[in-house]
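J.: Per the working numbering, the sequence shown runs over residues 1 to 166.
Where is the CB? At the ideal position from N, CA and C, for every residue including glycine.
Nothing here was measured: the structure is a model prediction, and the numbers come from that model.
My questions will all concern the structure given below.
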Amino acid sequence: LKAYTYMYTMGGSGLKESSELAVLNANYISKQLVKERGYSLTYDPEKPRKHEAVISASKMLEETGVSALYVSKKLLDYGMHAPTTYFPMIVPEALMIEPTESEPVEALDSFIVALKEISDLAYSNPEEVMSAPHNTAVGKLDEARAAHPRTICLSWRKYCQLSAEE
Numbered sequence: 001l002k003a004y005t006y007m008y009t010m011g012g013s014g015l016k017e018s019s020e021l022a023v024l025n026a027n028y029i030s031k032q033l034v035k036e037r038g039y040s041l042t043y044d045p046e047k048p049r050k051h052e053a054v055i056s057a058s059k060m061l062e063e064t065g066v067s068a069l070y071v072s073k074k075l076l077d078y079g080m081h082a083p084t085t086y087f088p089m090i091v092p093e094a095l096m097i098e099p100t101e102s103e104p105v106e107a108l109d110s111f112i113v114a115l116k117e118i119s120d121l122a123y124s125n126p127e128e129v130m131s132a133p134h135n136t137a138v139g140k141l142d143e144a145r146a147a148h149p150r151t152i153c154l155s156w157r158k159y160c161q162l163s164a165e166e
């Protein structure tokens, strides 16, 4: 029902314009990020992207030890939502960035600057990136413990119970 309402409200021309802006935003991000050290486009770099930019950080991992996951975690220090990481699985060290049609160019530029700074930091001080996030309410998680069946918390009540037991 929501999708139908959205499409009805936008109309054919609105949907076309919205799609064009999303594609334009994804291509803008792609073109800017491939200029930065450690990031690359896989497959045909000259081919325009659709509505998402899939960037590979495999070169950064090879040269610095900083993986796409670390890049995503470091983005949290900038107050930015991390992109989908390691998907699609056919792209090594994938960062799937999906800018919407409503993102202003200033927001895209801020995101690009953050990824550039993370790249620079990965090459100058990789440990700073690998220990992120630093500016969030919860720091770096022990992901193995968080995903373990005995410690997985499906509600805050269970978290309080586990904390009291420790």
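Who are the near neighbours of Ala26 in its chain, counting only those whose CB is closer than 8 Å to its CB and skipping five residues on each side?
T.: Arg49, Lys50, His51, Glu52, Ala53, Ile97, Glu98, Pro99
J.: Using DSSP with H/G/I as helix, E/B as strand and the rest coil, what is Met96?
T.: strand
J.: Going by DSSP, what residue range makes up the alpha helix (DSSP H) through Ser56?
T.: Ser56: not part of any alpha helix (DSSP H); member of the beta strand (DSSP E) spanning 53 to 56, first to last residue.
J.: Can you name, in chain order, every residue of its own chain whose Cβ lies under 6 Å from the Cβ of His134, other than the five neighbours on each side?
T.: Asp77
J.: To the nearest angstrom, how far is the alpha carbon of Glu106 from that of Ser30?
T.: 15 Å
J.: Look at the alpha carbon of Arg37 and the alpha carbon of Met60, and state the distance between them as a whole number of angstroms.
T.: 7 Å
J.: Using 10 angstroms around the beta-carbon of Tyr6, count the other beta-carbons present and answer buried if the total reaches 16, otherwise exposed.
T.: exposed
J.: Based on the DSSP output, what are the partners of Leu41 in its beta bridges?
T.: Ile55
J.: Under 6 Å Cβ to Cβ from Ala132, same chain only, skipping five residues before and after it: list those, please.
T.: Lys73, Lys74, Asp77
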